[in-house]
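For what it's worth, this note's numbering labels the leading residue of the sequence shown as 3, then goes sequentially.
Some notes on the structure that comes next.
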Amino acid sequence: MSHILLVTSSPRGAESLSSRFATDIAEGIQSRLGGSLTVRDLTVNPPPHITSAYIEGRTASPDDRTPEQVEAVKVAQHFVDELKAADVIVLGSGMINFGLPTQLKAWFDHVTWPRVTFGYGDTGPKGLLTGKKVYLVTASGGVFSEGAWAPFDFQTNYLLHLLGFIGLTDVEVVRVEGTVLGPDAVNAAIADAETTIAALLTKAA
């Protein structure tokens, strides 16, 4: 049996398409493969932005950490433990000002941890969270996968880089885009996402 980690981050709540489709994927995989599902809603329970207590505490010996450092590292360790326990990770992100939500950035700041989720070897950085399957759902009002706005996609490409940096390189991407271009565009985006997800779930079964 597999363990699935679902991470959502859109501030749009129930109206969020990234959260909706990420949830559909996570629950679809669970219904097909069984196993357990952990849900991490970064909007309902936003992670704190990192401080010097985390930066210094994560490299200090546990016995030498101050109380503030202990608490800061505990938050990061909890997020990392959830990642390590997961066989499948489903991540939802809705574009905010061309990039990812601040809640999701804060989560990545906690889990991108030297000697814990990545290390350095003779050939440079090496991700340590290997052997996991990732489904990344990104939503955007405009169309960023191609065309004139593609150079301004600082969400999907950046997320792929962050995931790969910590070893998560087996990633399926589902884009939900063009949702501010009118009702027809919204309906088309939703239909495309549903078709893509159905195919992914068939492949996962």
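Idealized CB from N, CA, C, for every residue including glycine.
Nothing here was measured: the structure is a model prediction, and the numbers come from that model.
Going by Cα to Cα distance, which pick from 168, 128, 174 is closest to residue 158? Numbered from 1 along the sequence shown, position 156 holds the residue referred to as residue 158. The shortest C-alpha separation from residue 158 is found at 174.
Between 122, 11, 24, which lies nearest to residue 136 when the distance is taken from Cα to Cα? Sequence index remark: in the sequence shown, residue 136 carries index 134 (1-based). When only C-alpha atoms are compared, the closest one is 24.
Suppose you measure from the CA of residue 202 to the CA of residue 110; what does that come to, to the nearest Å? Locating residue 202 in the sequence shown gives position 200, counting from the first residue. Locating residue 110 in the sequence shown gives position 108, counting from the first residue. Spanning the two alpha carbons is a distance of roughly 25 Å.
How many Å lie between residue 68 and residue 198 at the Cα? The sequence position of residue 68 within the sequence shown is 66, counting from 1. The sequence position of residue 198 within the sequence shown is 196, counting from 1. Each residue's Cα considered, the two are about 48 Å apart.
Rounded to the nearest angstrom, what separates residue 163 and residue 91 at their Cα positions? Position 161 of the sequence shown, counted from the first residue, corresponds to residue 163. Position 89 of the sequence shown, counted from the first residue, corresponds to residue 91. Taking the straight line from one Cα to the other gives about 16 Å.
Going by DSSP, which residues form a beta bridge with residue 179? As a first step, residue 179 must be located in the sequence shown, where it is residue number 177. The beta-bridge partner set that DSSP reports for residue 179 consists of 142.
If you run the structure through DSSP and keep just helix, strand and coil, what is residue 154? In the sequence shown, counting from the first residue as 1, residue 154 sits at position 152. Three-state result, residue 154: helix.
Express the C-alpha separation of residue 107 and residue 178 in angstroms, rounding to a whole number. In the sequence shown, the residue the question calls residue 178 occupies position 176. In the sequence shown, the residue the question calls residue 107 occupies position 105. Cα to Cα, residue 178 sits roughly 20 Å from residue 107.
In whole angstroms, give me the CA-to-CA distance for residue 86 and residue 7. Mapped onto the sequence shown, residue 86 falls at position 84. Mapped onto the sequence shown, residue 7 falls at position 5. Computed Cα separation, rounded: 10 Å.
In three-state DSSP terms, what is residue 174? Taking the sequence shown and counting its residues from 1, one reaches residue 174 at position 172. Looking at residue 174 - three-state DSSP - the assignment turns out to be strand.
Environment of residue 134 [buried if 16+ CB atoms lie within 10 Å]: Within the sequence shown, residue 134 is the residue found at index 132, counting from 1. With 16 or more Cβ atoms within 10 Å of its Cβ, residue 134 is classed as buried.
Could you give the C-beta distance for residue 139 and residue 20, rounded to a whole number, given that I count them as a contact under 8 Å? Along the sequence shown, read from residue 1 onward, the residue named residue 139 stands at position 137. Along the sequence shown, read from residue 1 onward, the residue named residue 20 stands at position 18. With 8 Å as the limit, residue 139 and residue 20 qualify as a contact, their Cβ atoms being about 5 Å apart.
Nearest-angstrom Cα separation, counted from residue 200 out to residue 145: As a first step, residue 145 must be located in the sequence shown, where it is residue number 143. As a first step, residue 200 must be located in the sequence shown, where it is residue number 198. C-alpha separation (whole angstroms): 22 Å.
Assuming residue 80 contacts residue 38 under a Cβ cut-off of 8 Å, what Cβ separation, rounded to an integer in Å, is found between them? For the purposes of this step, residue 80 is taken as residue 78 along the sequence shown, with counting starting at 1. For the purposes of this step, residue 38 is taken as residue 36 along the sequence shown, with counting starting at 1. The Cβ separation is near 17 Å, so there is no contact.
If we count the other Cβ atoms within 10 Å of its Cβ and call it buried at 16 or more, is residue 126 buried or exposed? Sequence index remark: in the sequence shown, residue 126 carries index 124 (1-based). Residue 126 is exposed by the Cβ-count criterion.
Sequence-distant residues of the same chain with beta carbon closer than 6 Å to residue 2, five excluded per side: Given that the chain is displayed from residue 3 to residue 207, the structure contains no residue 2 and the question cannot be resolved.
In terms of residue numbering, what span does the beta strand (DSSP E) encompassing residue 147 cover? Along the sequence shown, one-based indexing puts residue 147 at 145. Note, residue 147: premise wrong, no beta strand (DSSP E); not H, not E.
If you check the beta carbons only, do residue 113 and residue 78 fall under 9 Å apart? Residue numbering aside, residue 113 sits at position 111 when the sequence shown is read from its first letter. Residue numbering aside, residue 78 sits at position 76 when the sequence shown is read from its first letter. Against a cut-off of 9 Å, the Cβ pair of residue 78 and residue 113 comes out as a contact.
In whole angstroms, give me the CA-to-CA distance for residue 147 and residue 12. By one-based count along the sequence shown, residue 147 stands at place 145. By one-based count along the sequence shown, residue 12 stands at place 10. Cα to Cα, the separation comes out at about 20 Å.
CA-to-CA distance, residue 71 to residue 34, given in whole angstroms: Along the sequence shown, read from residue 1 onward, the residue named residue 34 stands at position 32. Along the sequence shown, read from residue 1 onward, the residue named residue 71 stands at position 69. In a straight line, the C-alpha of residue 34 is about 41 Å away from that of residue 71.
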